[in-house]
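S.K.: Sharing a structure below in structure tokens format, with a few things to ask.
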Amino acid sequence: MKKTLLIGSSGQIGKLLLPMLAASEIPTMAMVRDKRKLPEINGVDVIEANLEEEFGFVFNNCNSVIFSAGSGASTGYDKTLLVDLWGARKAIDYAHSNAIEHFIMVSSRGADNPDNGPKVIKPYLVAKYFADEYLIQSGLPYTILRPGRLTDDDGTGLITTKRPNDPDKQVISRLDVAKIIWRCLQSEAHINKIYELYKGNAPISEVFV
Ligand SMILES: NC(=O)c1ccc[n+]([C@@H]2O[C@H](COP(=O)([O-])OP(=O)(O)OC[C@H]3O[C@@H](n4cnc5c(N)ncnc54)[C@H](OP(=O)(O)O)[C@@H]3O)[C@@H](O)[C@H]2O)c1
Numbered sequence: 068m069k070k071t072l073l074i075g076s077s078g079q080i081g082k083l084l085l086p087m088l089a090a091s092e093i094p095t096m097a098m099v100r101d102k103r104k105l106p107e108i109n110g111v112d113v114i115e116a117n118l119e120e121e122f123g124f125v126f127n128n129c130n131s132v133i134f135s136a137g138s139g140a141s142t143g144y145d146k147t148l149l150v151d152l153w154g155a156r157k158a159i160d161y162a163h164s165n166a167i168e169h170f171i172m173v174s175s176r177g178a179d180n181p182d183n184g185p186k187v188i189k190p191y192l193v194a195k196y197f198a199d200e201y202l203i204q205s206g207l208p209y210t211i212l213r214p215g216r217l218t219d220d221d222g223t224g225l226i227t228t229k230r231p232n233d234p235d236k237q238v239i240s241r242l243d244v245a246k247i248i249w250r251c252l253q254s255e256a257h258i259n260k261i262y263e264l265y266k267g268n269a270p271i272s273e274v275f276v
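Residue numbers for the sequence shown, in this note's numbering: 68 to 276.
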């Protein structure tokens, strides 16, 4: 049975998502830079690879891809370019060569128009913008998720895809984002769609059927 490749498995969203995939018996290939960062989970194969190197081999026997990697706030713009933009671009190319049937990209609020975002994260938003554009133009079936600022609370399971006017309300928990990815993966209803994601009032199960 073909697998779902999770790029960014050792990340905070990745580590919440892996047990959900395993619990629903979705065969998973977890890509990490360092295997020691992940516990053993039944049904999850772990493969070491780096987005800054050649990593086409991780796509073998996979039919869907979740890209939830990111260079993070503690690295410089060089890593924003090499991981968030170039790493994503390479992943999309490999996905294309491997006839991947669904590519789910964890992008960001503001990637639609970096000129309107906070100046301090503009290079990051530009990287996300071009990664998203490259995916859209690739012809691969995609879902692009653009969460607001990520929080570590348990989430409410209640969301909105409409951006709140108040910037302080433009937040969503990583757990709710992981649940949304899990639902998108199992439905064709969200193919070739782009969603912003925020804490809101609608159950995830109603928005992401
Ligand atoms: N923070 C926010 O408020 C916010 C808002 C909207 C969207 N996002 C986006 O949401 C996504 C996931 O967020 P998160 O909180 O789960 O991120 P995270 O905890 O920082 O995880 C990032 C993941 O990317 C991996 N990674 C970094 N460089 C890599 C490389 N060269 N090769 C392979 N893997 C690499 C990390 O691996 P290691 O464990 O090896 O470092 C880690 O697994 C990111 O794309 C982020 O840009 C974040």
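Note that the Cβ used here is the ideal one computed from N, Cα and C, for glycine as well.
Could you please give the first and the last residue of the uninterrupted alpha helix (DSSP H) stretch that includes Met87?
M.R.: Segment Gln79 to Ala90, the alpha helix (DSSP H) holding Met87.
S.K.: Measuring only the C-alpha atoms, how far is Tyr196 from Ile93?
M.R.: So the two alpha carbons sit approximately 30 Å from each other.
S.K.: Under DSSP, the alpha helix (DSSP H) around Phe197 begins and ends at which residues?
M.R.: Unbroken alpha helix (DSSP H) run through Phe197: Lys189 to Ser205.
S.K.: Pull up the CB-CB distance for Leu207 and Ile167, whole angstroms please, since I reckon it's below 8 Å.
M.R.: That pair is a contact at about 6 Å.
S.K.: If you drop the 5 nearest sequence neighbours on each side, which residues of the same chain put their C-beta closer than 8 Å to that of Asn109?
M.R.: Result list for Asn109: Ala89, in chain order.
S.K.: What do you reckon, is the C-beta of Asp220 under 7 Å from a heavy atom of ligand 1?
M.R.: Result no, Cβ not under 7 Å from ligand 1.
S.K.: Please return the same chain residues whose Cβ sits closer than 6 Å to the Cβ of Gly123, not counting the five positions on each side in sequence.
M.R.: The answer, listed in chain order, is Tyr161.
S.K.: Pairing CB atoms from the stretch 247-264 with CB atoms from the stretch 211-222, are three or more of them under 8 Å?
M.R.: With a cut-off of 8 Å, the stretch 211-222 and the stretch 247-264 count as touching, because enough Cβ pairs lie within range.
S.K.: Among Ser240, Ala245, His163 and Glu115, which has the Cα closest to the Cα of Ser205?
M.R.: Closest option to Ser205, Cα to Cα, is His163.
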